[in-house]
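Just so you know, we're using our numbering here: the sequence shown kicks off at 64 and counts up by one.
Following: one structure in C-alpha cells, then a few remarks.
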Amino acid sequence: MAPLSVFRVALLVSFSVFLTVVLGFGLPALLNAAMRMLGLPETSVTECIVVLYVVFVLYVATPRIPRGLVEVKGKAVFITGCDSGFGNALAKHLHKLGFTVFAGCFLKDKGGEGAKELEEFHSDRMKVVQLDVCSEEQVNKAVEFIKDNLEDSEKGLWAVVNNAGVSTFGEVEFTSMDTYKQVSEVNLWGTIRVTKAVLPLIRRAKGRVVNLASMYGRMGNAMRSPYCVSKYGVEAFSDCLRYEMKTWGVKVSIIEPGNFIVATGIMTRDIVATTANKLWNEAPSDVKEDYGKAHFEQHMALMRSYCNSGQRDMAPVLDDITDAIMSKRPYTRYHPMEPHWWIRVQVMTHLPGAISDRLYF
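Right, dumping it as C-alpha cells:
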C-alpha cells in the first residue's frame, strides 16, 4: 500500500478520535435511555458496555466457529485459471486433501509451466484441461471431459471455483473501450460462461459454486475502473445465482481477496511499464494535452509502488475457498484481507460517500 499523505493520516486519526468520543459519550446516553424505557436500573449501563466490548473482541479474535465438514471421498472440483497464482496453489491444496481436481489451464496446449507442474503429479485425481474461459468451445469441451472422467457422473460435480481473471489499471479517459471489454470478458463473462456450463452437474450434486471477486467488487478506486466494473458484476451475478440455487440445495459463495499482488505476481514493474506505454500512446491527443505527462507519470509511479505491496502468503485465500467448498454451512462472503483494507471496505460501504471520499481520495 502506498504511504498516505500527512493530511490523509491526520484525517484518519481525527476520524478515529471522533468515533471514540461519540461512542464514549453517546453510547452511555443511548443505553441510559434504553434502560429507562425497559424499566431497568441505569447502573447496568457500564455492564452493558463491557458486554458489548467483550462480544466485539470475541468476534475479532476467536477462530472461525466449526460448522461441520463434508466428506471428501469421491468428490470432484473444477478450478479455472490454474496456470499460476491462487488457482495453481488451490489445485495442489485440494488434491492433497483428497479431492479429484479438474484444473483448467489457459496455456496447457502451449506447454505452460503451471500446467506441466500439475501434470507431473501423475495422479488419477489431478486432471489438467485446456481452458480459455472466453471460448465457448473450450468451455464446452472441458465440461464434456469432466463428465467423461467423473468417478460417478450421476452424483455430479461437487464444486466449481471460478478463479480465472485478469487485472489492469488506468484512468478512465486513458482506458480504451476494448480494455473494458477484454477485462469483463474474462472476469465476468468467463465466470458466467463456466458456471452456466457446469451448473447441471453442480445441481445434481447439490454442490458449491465459489466465485473469486475482490475487495474491489465492493468498493471502487481510482485507476482501477475496468477491474472494479468486472468484479462488481461478479458480485451481482453471484448474489442472483445464490437466490436461485437455494431451492436446489446449491451453496454459492464469494471470495473477496484484498491485496495479494506480491503473492500472485499479477502486477509487476514490467507489466506496469508495458501498460503505461500503451495507455499513453493510445490516448487521444486532447486527453494527453489536458492531463499532461507529469500527471500521467505520477500515477504510473503510484502503480509501480503497488508491485511490492500486499500479503505474501496465499494461505488466507486458500483457506477461505476450502471452507466454502468443505463446510456444511459455508459463508456467503469471505474477506481474506489485511485489517486496514477490511476497515476501508467497511467505511466505504457503510458510511456516507462524503466521509469515505474525504478519508481516502
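Idealized CB from N, CA, C, for every residue including glycine.
Which listed residue (the options) has its alpha carbon closest to that of residue i
i, options, result
"Arg256", "Glu200, Asn284, Gly131 and Val313", "Glu200"
"Leu264", "Ser288, Tyr243 and Leu213", "Leu213"
"His362", "Ala205, Ala285 and Lys155", "Ala285"
"Ser216", "Ala139, Asn274 and Asp195", "Ala139"
"Glu360", "Asn340, Trp404, Met308 and Gly373", "Asn340"
"Glu182", "Gln374, Trp343 and Asn151", "Asn151"
"Glu236", "Lys204, Ser288 and Ser186", "Ser288"
"Ile324", "Asn371, Val261 and Thr238", "Asn371"
"His403", "Leu414, Asn322 and Ala378", "Asn322"
"Gly328", "Asn274, Tyr369, Pro91 and Leu101", "Tyr369"
"Met411", "Glu401, Met400 and Phe424", "Phe424"
"Val135", "Leu220, Phe184 and Tyr306", "Leu220"
"Ala268", "Val223, Thr338 and Leu422", "Val223"
"Tyr127", "Asp386, Arg407, Ile418 and Pro415", "The identity of residue 127 in the sequence shown is Arg, whereas the question assumes Tyr. Per the Cα distances, Asp386."
"Phe232", "Thr331, Ile418 and Thr338", "Thr338"
"Ser390", "Pro129, Met100, Ala96 and Leu101", "Pro129"
"Leu157", "Trp405, Pro399, Leu381 and Lys179", "Leu381"
"Ile142", "Val206, Lys309 and Gly102", "Val206"
"Met442", "His398, Arg305 and Ala154", "Nothing can be reported for residue 442: it is not among the residues displayed for the chain, which extend from 64 to 424."
"Phe208", "Phe184, Ser186 and Ala260", "Ala260"
"Phe184", "Lys204, Val196 and Thr163", "Thr163"
"Leu153", "Ala378, Asp420 and Trp405", "Ala378"
"Trp311", "His358, Ala326, Ala357 and Leu262", "Leu262"
"Asp195", "Glu180, Lys179 and Asp172", "Asp172"
"Val273", "Lys309, Asn226 and Glu234", "Asn226"
"Trp405", "Asp187, Pro320, Arg421 and Asp353", "Pro320"
"Asp333", "Ala96, Ala364, Arg99 and Gly137", "Ala364"
Opposing strand residues paired with residue i [DSSP bridges]
i, result
"Val350", "None, per the DSSP bridge assignment."
"Leu275", "Ile318"
"Arg396", "Ile317"
"Ala139", "Thr163"
"Leu132", "Ser390"
Whole-Å CB distance - residue i paired with residue j, under 8 Å assumed
i, j, result
"Ser147", "Gly174", "Rounded, the Cβ-Cβ distance is 14 Å, inconsistent with contact."
"Asp383", "Ile318", "6 Å"
"Glu307", "Ala276", "Wrong, their Cβ atoms sit about 18 Å apart, outside the cutoff."
"Val246", "Val229", "6 Å"
"Arg271", "Ile388", "5 Å"
"Val313", "Ser301", "Contact flag wrong, Cβ pair sits at about 12 Å."
"Met366", "Val335", "5 Å"
"Cys197", "Glu248", "5 Å"
"Ala326", "Gln374", "6 Å"
**Study point:** Inter-stretch contact at 8 Å, needing at least 3 Cβ pairs: the segment 241-257 / the segment 285-303
**Key:** yes
Check your understanding: Is it a yes or a no for the segment 160-169 touching the segment 182-202, going by three-plus beta-carbon pairs under 8 Å?
Key -> yes
Exercise for review: Mind listing, in chain order, the continuous alpha helix (DSSP H) runs of no fewer than 4 residues lying wholly within the segment 155-237?
Suggested key: 176-182 and 199-212
**Study point:** Stretch-stretch touch, CB-based, cutoff 8 Å, three pairs: the segment 330-350 with the segment 388-401
**Key:** no
Exercise for review: Decide if the segment 275-283 is in contact with the segment 237-248; the criterion is three or more beta carbon pairs, one per stretch, under 8 Å apart.
Suggested key: no
Point to revise | beta strand (DSSP E) runs contained entirely in the segment 329-376, provided each spans 3 or more residues | key: none
Exercise for review: Tell me the start and end of each unbroken alpha helix (DSSP H) in the segment 243-287 that is at least 4 residues and wholly inside, in chain order.
Suggested key: 253-268
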